[in-house]
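Structure first, then comments.
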Amino acid sequence: MALVSLQFTVNGRGERVSVPAHRTLLEMLREDLQLTGAKEGCGNGECGACTVVVDGRVVNACLVLAAEVDGKSVLTIEGLKNGERLHPVQQAFVEHSGMQCGFCTPGFVLSAKTLLEANPTPTREEIKEALLGNFCRCSGYTKIVESVEAAARLLAGTPLT
Amino acid sequence: MNAPDKIRVARPSLIGKRLPRVDALEKVTGDARFAADFSLPGQLWLKLLRSPHPHAKILSIDAGRALALPGVKGVVTGKDFNGWKWGWMPRTRDESPLAVDKVRYYGEAVAGVCAVDEETAEEACELIRVEYEELPGVFDAEQAMKDDAPRVHDYAPNNRSGEFHMNYGDVEAGFGEADLVREDRFETGRVITGFLEPPAAVALWDASGITIWASKQSPYFPYRQLASCFNLPLSKVRVIQPFIGGGFGGTKNDSTAGDFCAVLLSKMTGRAVKFVYTMEEVFTTCRRRHNFTIHNKMGMKKDGTITAMQTLAIAEGGAYTAIGPLTLYLSGCLSTLPYKLPNFKHDAYRVFTNHPVGAAMRGHGVTHTRFAAEIQMEMMAEQLGLDPLEVRLKNAIRAPHETVNGVIVKSCGMEEGLKTLRESPAWRARGERRAEAGAIAKGVGISGTSYKGGARQRGHQSCGAVVRLCEDGTVNYLTGATDCGQGSDTVLVQLVAEELGLGLDDVAIRRVDTAVTPCDPGSYGSRVTILAGKAAQNAAREVKTQLAKFAAEMWGVAEERIVFSGGTVYADGHPEMVLPFRKLAQAACYSASGKVILGKGYSEYAPEVYDFDTGFGNPGVNYSFTCQLSEVDVDTETGVVKATEFLIAHDCGRPLHPVNVEAQVQGGAVQGLGQALYEEFRMENGRTLNPDFLDYRMPLVTEAPGMQVVDILTDDPDGPFGAKEASEGSIVSAPPSIVSAIHDATGIWFTSLPVTPEKVAMALRAKKEKNS
């Protein structure tokens, strides 16, 4: 089995791994690096449970080969906190109960964070557009969208309401 | 007996507060570990070989080549389970962990392979030779009932899997009194729960017995099933519940082929065995909601009074019985709510076919018959020139009420819910919006329903709780109940904290570990808040009573004078007698050189008549009421329907955690939206043609409408702090209100779910042709 050697950063930390060439980013994160925050739902890029951020862009880790992140920077849900402090998007999801079972939550949080970096004042429609790749069966989405709106306010320095 | 509560708590209540969930932090940080996130050293991976035929005899299985593949550690087939079968009731145990001599649905598991990694296990599956003799299959319930239909089980002539009959009042007399009698046929779709987390487990067999970390919303089902299958005492079966990625009934209430095979292969190899189903396995082989055909007959007077209803319900059950008898029962026993119905007859049949197994799903049983009854009421109101909302108001029950089949309702917000809809701008403006021109036709529709909370069943049905006081004044709360996302952990912790005058942070929940936590029936039938909640309250009260006794002795006052208040304990009328809760806890725990302060509690039902065979009596503790108004836009050119707004007036007695209640109502409504408009398995000769998220279309964020949830407060006497269920009403109310709104927009009644763009476009074309 052909192995590839990779060097990249995950959550700000340098990693060197050798993995089979066909290993996906999701498998590498979960199996080789024990970062299980990204989940496998469908395995086909349809549900967004495996969403991670590679060089500032959200990807479905189940559709990306591990080899593709060589030299790049990967952010997973585990890397979002600043020490013990939650990222404002996480804080907003906590305050507004933007989760139920929680299986989709890491993906939604990372999609929301990436959106708000690019567009700090999104409309409700823009939020929905940015979350279209993330599936949730529990919530009916309302509280997730409200959490993202609250996160935008929090990032802008307005207190949570 | 649970001890009576004499000790007061005085401080602002936690009940009804918009508090963060107790699991929020773990879930936003990735710390929440689900079954697939667990690994054990040296674990093997399991893959299942599944049948390529919907109906075939298994002539032989040759696993020789698979076993010879390097890395393969073991293979199991159906025979290795020694004829053991499982099912919901003793007389319906018809399902084997793996198919033994016959496969009955496409994708039924026939062998399990474990290997050093997932890929090797998968490769080995392909090397197993199974010789089949294909049999003719049967894929439609009404076809399957015919005498000449292929038989799925030898024991079941006409593929009759089960039946359930109710007959109350006199329906013929009722129809005789009516001014209008209608008979219509309705169909509900082939749908699935749609949880995002596929079933997964890590199983280990060692000298202590079975330990399994498994994605189960009702872990005490597999606890019993594994003990029975492997002939172990229950004390040696340890099911440990991780976080659960959605349940919604069915699959995660039950064991899977993977669970049994992982345990057996662990026994055979001495190593831990792990599996994770693929989403394709979920969509093609897991439990589904039954799809129903309903022939409904209703009688109505000119003034809208319903005089009688008669229902013939045929449920497609798929290949095995599973929990199907309960589905039939639920399809009828709640039909006498939420409207007065003096005469009611219900005949329900469950039929085997060569499809995946029909089982429970959120809104279990009721979704089908309520859909039929709501739409038929609307049709009749239209025919009689009556306002459909006023017809509902006229017939709505008011508490106290006893139905013709002995269901006792002590609190009911149906009337207030309907009035809430009536006063909404959307309802008042209906008709005006319809008149707007263009390709988009706008419509408004309503519906109403009731659902039981605190479901009863036969056998073990009590929830238990243990509250353990730590010497630093914090408590561990041990529960047998499972939060699969609905937020019950938060509500239960809230109840324990409330009883002890503590904060949420002082209570650490200890989730299900069947070796430690008290046995619990499971998270189904909206039973957790009401029954596990009662148990939690009772356990916390025992701790409170023990602490109060200690304080009373220490201070030389009567126990009744002790008050718990916001982390402090004092004796009423004695300002000097006051201690922080943690100091009192420490003093009590250290007294007698180490006192053990442990509270236990359990839930109890009132000793009422409850007859599963006749549908008489209370199927639950209390009953929620849901009234829904839906607004839709119908594109008259493409047939695409978009739900734009939902207004849901919802009586859950009293919301203990209003955020969770809203979230449950919203989530149920959007799941119902999927079943109304989008979701349907397309089947061809037993094969599922759309086993993925792209083709089995569940609602996405852009399809979720605006949602307003209005709480109707009725404070039920039998729920903790007045609470009733809050999780199942809106999945029942969404489809009929949406279909009624589509009718409002188009003038067309759709009686078969889902109402797809094709159906709408074709019906609009047919209407146009008829008119021209």
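The listed protein sequences correspond, in order, to chains F and E. Position one of the first sequence corresponds to residue 1 (the numbering used here), numbered consecutively onward. Position one of the second sequence corresponds to residue 1001 (the numbering used here), numbered consecutively onward. C-beta: ideal position from N, C-alpha, C; glycine also.
Does any residue of chain F have a CB that is nearer than 7 Å to the CB of residue i?
i: E:Leu1700; result: yes
i: E:Met1707; result: yes
i: E:Met1361; result: no
i: E:Leu1283; result: Rather than Leu, the amino acid found at residue 1283 of chain E in this sequence is Phe. No, E:Phe1283 lies away from the interface with chain F (no Cβ there is under 7 Å from its Cβ).
i: E:Asp1037; result: yes
i: E:Gln1666; result: yes
i: E:Ala1272; result: no
i: E:Ala1032; result: yes
i: E:Val1634; result: no
i: E:Ala1202; result: Correcting the residue type first, residue 1202 of chain E is Val in the shown sequence and not Ala. It does not; no Cβ of chain F falls within 7 Å.
Report back the beta-carbon spacing between residue i and residue j to the nearest angstrom; my notes put them in contact at under 8 Å.
i: E:Thr1714; j: E:Gly1653; result: 6 Å
i: E:Val1072; j: E:Ala1035; result: With a Cβ gap of about 23 Å, E:Val1072 and E:Ala1035 do not count as contacting.
i: F:Gly48; j: F:Phe135; result: 6 Å
i: F:Leu154; j: F:Gln91; result: 6 Å
i: E:Val1640; j: E:Ala1741; result: Actually they do not touch by this definition, with Cβ atoms about 14 Å apart.
i: F:Ile127; j: F:Gly98; result: Wrong, their Cβ atoms sit about 12 Å apart, outside the cutoff.
i: E:His1650; j: E:Thr1626; result: 5 Å
i: E:Gln1376; j: E:Arg1182; result: 6 Å
i: E:Asn1082; j: E:Phe1352; result: Wrong, their Cβ atoms sit about 24 Å apart, outside the cutoff.
Whose Cβ in chain E lies nearer than 7 Å to the Cβ of residue i?
i: F:Cys104; result: Leu1196
Could you tell me which chain E residues have their CB closer than 9 Å to the CB of residue i, listed as they occur along the chain?
i: F:Ala151; result: Chain E residues near F:Ala151: none, gap ~11 Å exceeds 9 Å.
i: F:Met28; result: Within 9 Å Cβ-Cβ: nothing; F:Met28 doesn't reach chain E, min ~14 Å.
i: F:Ala49; result: Leu1196, Glu1197, Gly1245
i: F:Leu132; result: Leu1700, Val1701, Thr1702
Tell me, please, whether the CB atom of residue i is closer than 7 Å to any CB atom in chain E?
i: F:Ala112; result: no
i: F:Lys143; result: yes
i: F:Gly37; result: yes
i: F:Glu108; result: A quick correction: the sequence has Phe, not Glu, at residue 108 of chain F. Not one chain E Cβ lies under 7 Å of F:Phe108.
i: F:Ser147; result: no
i: F:Val94; result: yes
i: F:Cys138; result: yes
i: F:Gln7; result: no
i: F:Ser18; result: no
i: F:Leu154; result: no
i: F:Thr161; result: Legend: pLDDT at F:Thr161 = 48, less than 50; position of this residue unreliable, value from coordinates given subsequently. So no, F:Thr161 is outside the interface.
Let me check understanding here. Comparing Cα to Cα, which of the options lies closest to residue i?
i: E:Ser1737; options: E:Val1670, E:Phe1681, E:Ala1766; result: E:Val1670
i: E:Pro1655; options: E:Phe1721, E:Gly1299, E:Leu1673, E:Glu1631; result: E:Phe1721
i: E:Gly1706; options: E:Gln1666, E:Ala1745, E:Glu1679, E:Tyr1320; result: E:Gln1666
i: E:Phe1564; options: E:Asn1343, E:Gly1533, E:Leu1502; result: E:Leu1502
i: E:Asn1685; options: E:Arg1190, E:Asn1354, E:Gly1162; result: E:Asn1354
i: E:Val1407; options: E:Thr1568, E:Ala1592, E:Leu1330, E:Val1282; result: E:Leu1330
i: E:Thr1470; options: E:Ala1551, E:Thr1517, E:Ala1587, E:Arg1458; result: Note that residue 1470 of chain E is Cys in the sequence shown, not Thr. Answer by Cα proximity: E:Ala1587.
i: E:Arg1302; options: E:Ala1465, E:Leu1753, E:Asn1395, E:Lys1595; result: Note on identity: in this sequence residue 1302 of chain E is Lys, with Arg being the wrong assignment. Among E:Ala1465, E:Leu1753, E:Asn1395, E:Lys1595, the Cα nearest to that of E:Lys1302 is on E:Asn1395.
i: E:Tyr1605; options: E:Asn1622, E:Cys1286, E:Gly1417; result: E:Asn1622
i: F:Asp32; options: F:Leu6, F:Asp55, F:Arg57; result: F:Leu6
i: E:Arg948; options: E:Phe1175, E:Leu1059, E:Asp1184, E:Gly1087; result: Since the first and last residues shown for chain E are 1001 and 1772, residue 948 of chain E lies out of range.
Can residue i be considered in contact with the ligand FAD, in the sense that its beta carbon sits closer than 6 Å to one or more heavy atoms?
i: F:Ala38; result: The ligand FAD is absent from the structure shown, which contains no ligands of any kind.
List the residues of chain F whose Cβ lies closer than 7 Å to the Cβ of residue i, in chain order.
i: E:Leu1694; result: Glu46
i: E:Ala1663; result: Ser97, Gln100, Ser139, Lys143
Taking C-beta pairs closer than 8 Å, name the residues in chain E that residue i reaches, listed in chain order.
i: F:Lys72; result: Within chain E, no residue comes near F:Lys72; the closest Cβ sits about 20 Å away, beyond 8 Å.
Run down chain F in chain order and give the residues with a C-beta less than 8 Å from the C-beta of residue i.
i: E:Cys1484; result: Cys101
i: E:Thr1278; result: Gly43
Find the residues of chain F that neighbour residue i, judging by a C-beta separation of less than 9 Å, and give them in chain order.
i: E:Ala1124; result: Here the premise fails: no neighbours, minimum Cβ distance about 17 Å.
i: E:Gly1448; result: In chain order: nothing, as chain F lies at least about 20 Å away.
i: E:Ala1669; result: Gly140
i: E:Val1659; result: His96, Ser97, Lys143
query = Residues in the stretch 1062 to 1086 of chain E with C-beta within 7 Å of chain F's C-beta atoms, listed in sequence order?
reply = Residues of the stretch 1062 to 1086 of chain E with a Cβ closer than 7 Å to any Cβ of chain F: none.
inquiry  = Can you pull out the residues from the stretch 1240 to 1260 of chain E whose beta carbon lies closer than 7 Å to at least one beta carbon of chain F?
reply    = Taking 7 Å as the Cβ-Cβ cut-off against chain F, the residues of the stretch 1240 to 1260 of chain E that qualify are Phe1243, Ile1244, Gly1245, Gly1246.
inquiry  = To be precise: take each residue of the stretch 1552 to 1584 of chain E, compare its Cβ to all Cβ atoms of chain F, and keep it if any distance is under 8 Å. Which residues remain?
reply    = Per Cβ criterion, the list is empty.
request  = Please name the residues in the stretch 1009 to 1030 of chain E whose beta-carbon is closer than 8 Å to at least one beta-carbon of chain F, in chain order.
outcome  = Flagged, chain order: Pro1020, Arg1021, Asp1023, Ala1024, Leu1025, Glu1026, Lys1027, Val1028, Thr1029, Gly1030.
query = Listed from N- to C-terminal order along the chain, which residues in the stretch 58 to 87 of chain F have their beta-carbon within a distance smaller than 8 Å of any beta-carbon of chain E?
reply = Flagged, chain order: Thr76, Ile77, Glu78, Leu80, Lys81, Leu86.
ask   = Going along the stretch 1488 to 1515 of chain E in order, which residues come within less than 8 Å of chain F, judged by CB to CB distance?
value = The stretch 1488 to 1515 of chain E vs chain F, Cβ under 8 Å: nothing.
task = Scan the stretch 1730 to 1742 of chain E for residues whose Cβ lies nearer than 8 Å to a Cβ of chain F and list them as they occur along the chain.
result = Flagged: no residues at all.
key: Contacting positions in the stretch 1712 to 1731 of chain E - beta carbon closer than 8 Å to chain F   = Close to chain F, meaning a Cβ-Cβ distance shorter than 8 Å, is no residue of the stretch 1712 to 1731 of chain E at all.
message = Please list, in chain order, the residues of the stretch 1607 to 1622 of chain E that have any C-beta partner in chain F closer than 7 Å.
response = The stretch 1607 to 1622 of chain E vs chain F, Cβ under 7 Å: nothing.
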